[in-house]
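Engineer: Numbering-wise, the sequence shown is residues 1 to 316 according to this note's numbering. Backbone N, C-alpha and C define an ideal beta-carbon position, used for all residues, glycine too. I have a structure here, written as structure tokens, and I will follow up with some questions on it.
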Amino acid sequence: MAVGTKQEPMNPVHLYAHGSTMMLGEEHYSGTYWKKCGDEALANGVEHVIVMGAHWATSTPNTILISANPNPGKSPVAYVHPSKYVDYKLNPDVDYVPTIQAHFAAAGIDSQPAPTFDWIHDTYLILIRMFPDGCPPTTLLSMNHTYDPHFHVAVGAALRPLRARSRRTLFIGSGGSVHNLYRNVWGPMIRYRDSLAQPTPPEAWALDFRQEVIDLLCCAYEDDVPADRADYGKAIRGKKPCGGPLLRRKATSLMKHPRYRDAHATDDHFMATMFIAGLCGGRGDEGMKGEMGAEDWELTNMCNSQFTIGNWVEVK
């Protein structure tokens, strides 16, 4: 049964933790999952990709910027050889900008095209791994520097109609489940160029908040995967739905969680979660289930969890 109305089945949505820049140059569970998701999107006829990342924000009140540079450059990537990304051709979907703006305007959200914006690793890192044979037409959205969770939920909600199967649009939020640069262990990356080394286990605060995000999106997964038998690197699938209006309430409330400030010293990497909650928080989304398809830990305390809400089987 479709996750939206019977007349308008809805596409799934991805929430990715892009991690450090080294996630572009190394092999990991997340990269394999991103490629799988990209293959599925192309197989299902996706023609537009819209991404909200974590490294671009505007200070203009009640406003979102929309990438509109017809020939964007790429911000340099630290610790990654240029051969991994320099020659990858970006494909800005400039023609889609008016459609996005019309939906924002209908929701009372101001937006402005950004005709000189160059893309940053939080977005093209994901695209390179998802679509190695060629970037689909893609539009990037900024955050607003207030980092108001309810505003970013509203941004996602405004664009929710574009999830309709007939619109052939795939939404991606690129942020982080646990992303506090001040509490990472940088030694292995700086000394050995190995961000994935785990000489010590993650600290309790990181594990605790990571669990809160899993519980948000993979409801009742433990019914099928008991905690004492969960295998690292294996997918975790929610047994009960996570979508609908309750998702928006639960997602925003996580920013009041006692472990939130430990897990996010700044709010930028958690706005993608708010954006996804808006996209998947309509009444027609109450049947959507989520999965954590992959996970990698970097720098001891940075958790890179990769989530999908909904699936392509439901929308065919």
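So, helix, strand or coil for T5, using DSSP?
Structural biologist: Looking up residue 5 in the sequence shown gives position 5. Bear in mind that the predicted position of T5 carries a pLDDT of just 45, short of 50, making it unreliable; the figure below should be weighed with that in mind. Reduced to three states, the DSSP call for T5 is coil.
Engineer: Looking at the unbroken alpha helix (DSSP H) that takes in P113, where does it start and where does it end?
Structural biologist: Here residue 113 refers to the residue found at position 113 when the sequence shown is read from its first residue. That residue, P113, is in no alpha helix (DSSP H); its beta strand (DSSP E) goes 110–114.
Engineer: So, with DSSP's three-state summary, where would you put L42?
Structural biologist: Residue mapping note: residue 42 aligns to position 42 of the sequence shown, counting from 1. Helix.
Engineer: Spatial neighbours of N184 within its chain, please: C-beta separation below 8 angstroms, excluding the five flanking residues on both sides.
Structural biologist: The residue you call residue 184 lines up with position 184 of the sequence shown. E298, L299, T300, N301, M302, listed in sequence order.
Engineer: Spatial neighbours of G4 within its chain, please: C-beta separation below 6 angstroms, excluding the five flanking residues on both sides.
Structural biologist: Reading the sequence shown from its first residue, position 4 is the one you call residue 4. Because G4 carries a pLDDT of 45, less than 50, the predicted location of this residue cannot be relied on, and the following value inherits that uncertainty. So the qualifying residues of the chain are M10, G284.
Engineer: Looking at the secondary structure, which residues open and close the alpha helix (DSSP H) in which I309 lies?
Structural biologist: For this step, residue 309 is matched to residue 309 along the sequence shown. From DSSP, I309 is part of no alpha helix (DSSP H) but of the beta strand (DSSP E) over 302–309.
Engineer: Nearest by alpha-carbon distance to V178: which of E8, L127, W34, N304 is it?
Structural biologist: For the purposes of this step, residue 178 is taken as residue 178 along the sequence shown, with counting starting at 1. It is N304.
Engineer: State the Cα-Cα distance for the pair C242 and A157, rounded to the nearest angstrom.
Structural biologist: Translated into the one-based positions of the sequence shown, residue 242 becomes position 242. Translated into the one-based positions of the sequence shown, residue 157 becomes position 157. Roughly 16 angstroms between the two C-alpha positions.
Engineer: Is the region 142–153 touching the region 78–89, taking contact as three or more C-beta pairs under 8 angstroms?
Structural biologist: Segment contact: the region 142–153 against the region 78–89, fewer than three CB-CB distances shorter than 8 angstroms; contact not assigned.
Engineer: Out of L162, V77, G238, which has the shortest C-alpha to C-alpha gap to M288?
Structural biologist: Numbered from its first residue, the sequence shown carries residue 288 at position 288. If we check each option's Cα against that of M288, G238 comes out closest.
Engineer: Which whole-angstrom value is the C-beta distance of G173 and Y16, which I expect to be below 8 angstroms?
Structural biologist: The residue you call residue 173 lines up with position 173 of the sequence shown. The residue you call residue 16 lines up with position 16 of the sequence shown. With a Cβ gap of about 7 angstroms, G173 and Y16 count as contacting.
Engineer: Taking 8 angstroms as the threshold (C-beta atoms), are M189 and M23 in contact?
Structural biologist: Counting from one through the sequence shown, the residue named residue 23 turns up at place 23. Counting from one through the sequence shown, the residue named residue 189 turns up at place 189. Going by C-beta atoms, M23 is not nearer than 8 angstroms to M189.
Engineer: Go ahead and pull the three-state DSSP assignment for K316.
Structural biologist: The residue you call residue 316 lines up with position 316 of the sequence shown. Residue placement at K316 is flagged as unreliable, the pLDDT there being 44, under the threshold of 50; the coordinate-derived value follows with that caveat. Coil, per DSSP.
Engineer: Less than 8 angstroms between the C-beta atoms of S253 and L140, yes or no?
Structural biologist: Against the sequence shown, residue 253 aligns to sequence position 253. Against the sequence shown, residue 140 aligns to sequence position 140. No, the pair does not count as a contact, with Cβ atoms beyond the cut-off.
Engineer: Measure the beta-carbon distance from C135 to Y96 and round it to whole angstroms, keeping in mind my assumption that it falls under 8 angstroms.
Structural biologist: Working through the sequence shown from its first residue, we reach residue 135 at position 135. Working through the sequence shown from its first residue, we reach residue 96 at position 96. About 14 angstroms; that fails the 8 angstroms criterion.
Engineer: Find out if the Cβ-Cβ distance for the pair Y29, E295 is shorter than 8 angstroms.
Structural biologist: On the sequence shown, residue 29 is found 29 positions in, with the first residue counted as 1. On the sequence shown, residue 295 is found 295 positions in, with the first residue counted as 1. Result yes, Cβ atoms of Y29 and E295 sit closer than 8 angstroms.
Engineer: Which of helix, strand or coil does DSSP assign to G53?
Structural biologist: If you number the sequence shown from 1, residue 53 lands on position 53. G53: strand per DSSP, three-state reduction.
Engineer: Flag this pair as touching only if the region 188–205 and the region 272–281 have three or more C-beta atom pairs under 8 angstroms; answer yes or no.
Structural biologist: no
Engineer: Let me know the secondary structure DSSP gives E26 once reduced to three states.
Structural biologist: As a working note, residue 26 is residue 26 in the sequence shown. The answer is coil: DSSP assigns E26 none of H, G, I, E or B.
Engineer: Classify R193 as helix, strand or coil using the three-state DSSP reduction.
Structural biologist: Position 193 of the sequence shown, counted from the start, is the residue given in the question as residue 193. Coil, per DSSP.
Engineer: Please report how far the alpha carbon of D268 lies from the alpha carbon of G175, in whole angstroms.
Structural biologist: Residue 268 sits at position 268 when you count from the first residue of the sequence shown. Residue 175 sits at position 175 when you count from the first residue of the sequence shown. Going from the Cα of D268 to the Cα of G175 covers about 8 angstroms.
Engineer: I need the straight-line Cα distance from I128 to I236, nearest angstrom please.
Structural biologist: In the sequence shown, the residue the question calls residue 128 occupies position 128. In the sequence shown, the residue the question calls residue 236 occupies position 236. If you take the alpha carbons of I128 and I236, they lie about 25 angstroms apart.
Engineer: Roughly how many angstroms lie between the CA atoms of A251 and D39, to the nearest whole one?
Structural biologist: Counted from its first residue, the sequence shown places residue 251 at position 251. Counted from its first residue, the sequence shown places residue 39 at position 39. Looking at the two C-alpha atoms, the distance is approximately 28 angstroms.
Engineer: Label E26 either buried or exposed according to how many other C-beta atoms from any shown protein chain fall within 10 Å of its C-beta, with 16 as the threshold for buried.
Structural biologist: Indexing the sequence shown from 1 puts residue 26 at position 26. So E26 counts as buried.
Engineer: From H145 to T58, what distance separates their C-alpha atoms?
Structural biologist: Reading the sequence shown from its first residue, position 145 is the one you call residue 145. Reading the sequence shown from its first residue, position 58 is the one you call residue 58. Between the alpha carbons of H145 and T58 lies a distance of about 6 angstroms.
Engineer: Please name the residue or residues paired with P92 in a DSSP beta bridge.
Structural biologist: As a first step, residue 92 must be located in the sequence shown, where it is residue number 92. DSSP output for P92 lists T138 as bridge partner(s).
Engineer: Is R237 helix, strand or coil when you go by DSSP?
Structural biologist: Position 237 of the sequence shown holds residue 237. In this structure, R237 counts as strand in the three-state DSSP scheme.
Engineer: Rounded to whole angstroms, what's the CA-CA distance from D208 to I214? Just pull it up for me.
Structural biologist: For the purposes of this step, residue 208 is identified with residue 208 of the sequence shown, where counting begins at 1. For the purposes of this step, residue 214 is identified with residue 214 of the sequence shown, where counting begins at 1. Spanning the two alpha carbons is a distance of roughly 10 angstroms.
Engineer: Which residue from K240, Q101, H55 puts its Cα closest to that of D321?
Structural biologist: Nothing about residue 321 can be reported from this structure: the residues present for the chain run from 1 to 316 only.
Engineer: Hey, could you find the ends of the alpha helix (DSSP H) L217 is sitting in?
Structural biologist: Taking the first residue of the sequence shown as 1, we reach residue 217 at position 217. Where L217 is concerned, the enclosing alpha helix (DSSP H) stretches over 204–217.
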